[in-house]
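In the numbering used here, the protein residues as written are 329 to 566. All C-beta atoms, glycine included, are put in the ideal place defined by N, C-alpha and C. This structure is a prediction, so every number in the text was calculated from the model and none was measured.
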C-alpha cells in the first residue's frame, strides 16, 4: 500500500530526471506544445467539428508514443545509461502496436463518455428559471463524468510505463494499472488531482507551460509505476 507521500516522491524523482536531461526533455515538451497549439488553432479558425475530431484522434494516437519516449529517458537514467533520442524512437517503434491499442481503448471510453453526457441531457433537461432542474442536471452529470474520468485515469495511470518497460500486451498492462489504482484509491486520487492542477497551469500559460509540465509528469509517472507495480513475471524489454 502506498502512503500519501508517494506522489510527492514521484514528483521529486521526476524533477531530478528533468534536470538531468534538460535538452532532451525540452525537445519532447516542445513537440507536445506544438501539437496542442496546432489542434487548438485549427479548430478555432475552421470551427469544424469533424476536423477537430480527426485532429484529436490523431493526437490520441501520437501522444502515447511521446509518453513512451519520455519513459525511455527515465528508464535509461535508472539503469545508469545516458538517454538518447534514438533510443526513445526505437522503443516507441517497438511498442507502437500496444500504444495503438491503448489509444483505441481510451477513444472508446471517451465516446461512451460523450454518449452518456448526451443521455443525461436528454433525461434530465434543464428548464428555464428552474434551479432544481439545473442542480439535478449538474449533480447527475458530474457523477457520470467522474465515473468515466476515474476509469480513464485508472487504465492510463501505469499501463503505458509498463509496456515501455516489459514485454507485455496492453490489455494485461491496463488491468494491472486498474488493480493498482483500486488498491491505493486515496493516494491515486491525490496523484490525479496533482496531474489536473499541473496540467491546468500548463494550459493557463497558453500551452507553453506544457513543455515543462508534461515531461515532468511523465518522468514522475515512471517512478510511480516502478514503486507501485511488481512486473517481475514479464520479461524486460531490452
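- request: Could you tell me whether the Cβ atoms of residue 543 and residue 353 are closer together than 8 Å?
  value: As a working note, residue 543 is residue 215 in the chain shown. As a working note, residue 353 is residue 25 in the chain shown. Cβ atoms of residue 543 and residue 353: closer than 8 Å.
query: What are the uninterrupted segments assigned as beta strand (DSSP E) that are 3 or more residues long and contained completely in the segment 342 to 379, given in chain order?
result: none
message: At 4 residues or longer, what runs of the alpha helix (DSSP H) sit wholly inside the segment 402 to 458?
response: 413 to 422 and 424 to 451
field: Residues of its chain near residue 356, where Cβ-Cβ distance is below 7 Å and the 5 sequence neighbours each way are ignored
entry: On the chain shown, position 28 is the one that residue 356 refers to. So the list reads 394, 397, 398 and 543, once near-sequence residues are dropped.
query: Whose CA, out of 546, 437, 494 and 532, lies closest to the CA of residue 483?
result: Here residue 483 refers to the residue found at position 155 of the chain shown. That would be 437, whose Cα lies nearest to the Cα of residue 483.
query: Does DSSP put residue 461 in a helix, a strand or coil?
result: As a first step, residue 461 is located in the chain shown; it is residue number 133 there, counting from the start. It is helical.
message: In the DSSP output, what is residue 564 paired with across the bridge?
response: For this step, residue 564 is matched to residue 236 along the chain shown. Its beta-bridge partners are 494.
Neighbourhood of residue 462 by C-beta, 6 Å cutoff - its chain only, sequence neighbours within 5 removed: For the purposes of this step, residue 462 is taken as residue 134 along the chain shown, with counting starting at 1. If we look at residue 462 and ignore the five residues flanking it on each side, its Cβ neighbours are 454.
- prompt: DSSP on residue 534, reduced to helix/strand/coil?
  reply: Sequence index remark: in the chain shown, residue 534 carries index 206 (1-based). In the three-state reduction of the DSSP assignment, residue 534 falls in the coil class.
- prompt: With 16 as the cutoff for other CB atoms within 10 Å, does residue 333 come out buried or exposed?
  reply: As a first step, residue 333 must be located in the chain shown, where it is residue number 5. The residue is exposed, with fewer than 16 neighbouring Cβ atoms inside 10 Å.
- request: With distances taken Cα to Cα, identify the nearest neighbour of residue 525 among 458, 429 and 541.
  value: Mapped onto the chain shown, residue 525 falls at position 197. Taking only the C-alpha atoms, the option nearest residue 525 is 541.
Alpha-carbon to alpha-carbon, residue 481 and residue 472: In the chain shown, counting from the first residue as 1, residue 472 sits at position 144. In the chain shown, counting from the first residue as 1, residue 481 sits at position 153. Here the alpha carbon of residue 472 sits roughly 14 Å from the alpha carbon of residue 481.
message: I'd like to check one pair, residue 392 with residue 494: are the Cβ atoms closer than 8 Å?
response: On the chain shown, residue 494 is found 166 positions in, with the first residue counted as 1. On the chain shown, residue 392 is found 64 positions in, with the first residue counted as 1. Contact flag unset, no.
task: Between the Cα of residue 469 and those of 456, 492, 442 and 479, spot the shortest distance and give me the residue it belongs to.
output: The sequence position of residue 469 within the chain shown is 141, counting from 1. The shortest C-alpha separation from residue 469 is found at 442.
message: Suppose you measure from the CA of residue 403 to the CA of residue 561; what does that come to, to the nearest Å?
response: Taking the chain shown and counting its residues from 1, the one referred to as residue 403 is at position 75. Taking the chain shown and counting its residues from 1, the one referred to as residue 561 is at position 233. So the two alpha carbons sit approximately 18 Å from each other.
field: residue 445 to residue 348 span [Cα, whole Å]
entry: Residue numbering aside, residue 445 sits at position 117 when the chain shown is read from its first letter. Residue numbering aside, residue 348 sits at position 20 when the chain shown is read from its first letter. C-alpha separation (whole angstroms): 43 Å.
- request: Classify residue 372 as buried or exposed, calling it buried when 16 or more other Cβ atoms lie within 10 Å of its own Cβ.
  value: Reading the chain shown from its first residue, position 44 is the one you call residue 372. Classification of residue 372: exposed, given that the 10 Å Cβ count is below 16.
field: Neighbourhood of residue 479 by C-beta, 7 Å cutoff - its chain only, sequence neighbours within 5 removed
entry: As a working mapping, residue 479 is identified with position 151 in the chain shown. Cβ within range, chain order: 437.
task: Mind reading off the beta-carbon distance from residue 538 to residue 364? Whole number of angstroms is fine, and I expect it under 8 Å.
output: Here residue 538 corresponds to residue number 210 of the chain shown, with the count starting at 1. Here residue 364 corresponds to residue number 36 of the chain shown, with the count starting at 1. So it is a contact: roughly 6 Å between Cβ atoms.
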